[in-house]
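Beneath this line is the structure, given in structure tokens, with notes to follow.
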Amino acid sequence: MNIEILDNYDSRDIGSYKGLLIFMEQLFSRQDNEIAYIKQLAIKIKRGIEDIDYFIQNATDKVCPECKNICCINKHGRFNFEDLIYLHAIGAKIPEVDFSKNDKEPCHFLNEKGCSLHRSFRPSGCNWYFCDSLFDAMEPAVNYRDFDDKLKEIAESWIKMVEEFKKYICLNP
């Protein structure tokens, strides 16, 4: 039953979104070893994102202001269920979502200075996407290899966090 709430989740539907938020709040209020482990993985992910933030921000500061094709659209600014697992696990206040915008409009978190959310609180559709121009700006950097290694480590932890969460909700209705 619990896995169905993830399978049926629609990030564009306010009812589905609020239902999943309530479900997550209840689960993450539990005090057991499995939830503690999921929280540890999420904290590791958060630290990893914070470690690579400077590298990404340095590239976006150069590339994004000149861009004519804005990547930061509302489609990428929605929280999928994995994002909500992560945000609840780190104990973050979930940012308000504007459900009135369509997918192709500029992201509701985008302002004149860029994203209004710190990188470690952004939807994964935002954090894991690098357009060609951004990638081209990052790849020649001296510390690109370190960035790439760290990104792989974060991705592996993310996958493990989601797997552990799914296993937990299947075993603990």
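The numbers in this note's numbering rise by one with no breaks, and the one at position 53 of the sequence shown is 60.
We treat Cβ as the ideally placed atom computed from N, Cα and C, and that holds for glycine.
- Closest in alpha carbon position to residue 75, among 162, 140 and 33, is 140.
- The DSSP-derived three-state label of residue 78 is coil.
- In the three-state reduction of the DSSP assignment, residue 130 falls in the coil class.
- Burial check for residue 15: the Cβ neighbour count within 10 Å stays below 16, so the residue is exposed.
- The alpha helix (DSSP H) runs of length 4 or more contained entirely in the segment 23 to 72 are, from start to end of the chain, 40 to 70.
- Per DSSP, the continuous alpha helix (DSSP H) segment holding residue 144 begins and ends at 139 to 145.
- Within a 10 Å sphere around the beta-carbon of residue 56 sit 16 or more other beta-carbons, which makes this residue buried.
- By the neighbour-count definition (other C-beta atoms within 10 Å, threshold 16), residue 149 is an exposed residue.
- By the CB criterion at 8 Å, residue 108 and residue 81 fall inside the cutoff.
- Residue state for residue 98 is assigned as coil, using DSSP reduced to three classes.
- Residue 48 is positioned such that its CB atom lies no closer than 8 Å to that of residue 127.
- For residue 164, the enclosing alpha helix (DSSP H) stretches over residues 151 to 178.
- The closest CA to that of residue 26, considering only 40, 142, 71 and 11, is found on 11.
- When DSSP states are grouped into helix, strand and coil, residue 118 belongs to the strand group.
- Measuring C-alpha to C-alpha distances from residue 134 to each of 73, 67 and 100 identifies 67 as the nearest.
- CA-to-CA, the gap between residue 29 and residue 138 works out to about 34 Å.
- About 7 Å separates the Cβ atoms of residue 177 and residue 9, confirming a contact at the 8 Å cut-off.
- With a beta-carbon spacing of about 13 Å, residue 97 and residue 161 fall beyond the 8 Å limit used to define contacts.
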